[in-house]
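What follows is a set of notes on a single structure, which appears directly below.
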Amino acid sequence: MEGTVECTVEVPTDTANLTADLEPLAIAAGVVEKRGGISYSARNQNQLRKSLQGQADYIRRVHPFLADPATAQTLMRKADAREWRLPQTDSEE
Numbered sequence: 049m050e051g052t053v054e055c056t057v058e059v060p061t062d063t064a065n066l067t068a069d070l071e072p073l074a075i076a077a078g079v080v081e082k083r084g085g086i087s088y089s090a091r092n093q094n095q096l097r098k099s100l101q102g103q104a105d106y107i108r109r110v111h112p113f114l115a116d117p118a119t120a121q122t123l124m125r126k127a128d129a130r131e132w133r134l135p136q137t138d139s140e141e
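Residues 49 to 141 in our numbering are what the sequence shown spells out, letter by letter.
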């Protein structure tokens with residue numbers, strides 16, 4: 049049976065939510081040099097554990113860059129984040 053674990057990061061802005069996969073975000077932040085360093089496999093308990101530990105390590109490395117909203121938005125866009133526009137309220141129309 050095939051199994052995977054994936055972590056995404058979401059940063060809210062005033063007009064949209066930016067969502068990026070963890071590995072491109074870590075590369076954009078400069079905490080990881082190249083693709084392929086993160087494990088996604090969850091075919092058994094050992095692989096699941098390895099994947100979760102590795103992804104948690106990436107999150108710990110990226111988290112400080114997300115503390116400042118302006119830096120977070122720049123970093124998310126550099127990581128080719130998907131942008132989900134928020135619905136406009138009546139006061140914005």
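Note that beta-carbon positions come from the ideal geometry of N, C-alpha and C, so glycine has one too.
Since the model is a prediction, treat every value here as computed from it, not as a measurement.
| Query | Result |
| --- | --- |
| Going by C-alpha to C-alpha distance, which of Arg-91, Ala-74 and Ala-90 sits closest to Gly-84? | Ala-74 |
| So which of Asn-65, Arg-91, Asp-128 and Ala-115 has the shortest CA-CA distance to Val-53? | Arg-91 |
| In three-state DSSP terms, what is Ser-99? | helix |
| Hey, which unbroken runs of the alpha helix (DSSP H) at 4 residues or more fall wholly within the segment 64-95? | 70-77 |
| Which residues in the same chain have their Cβ closer than 7 angstroms to the Cβ of Tyr-88, if we skip the five residues on either side of it in sequence? | Thr-52, Val-53, Glu-54 and Ser-99 |
| Measuring only the C-alpha atoms, how far is Ala-104 from Ala-76? | 17 angstroms |
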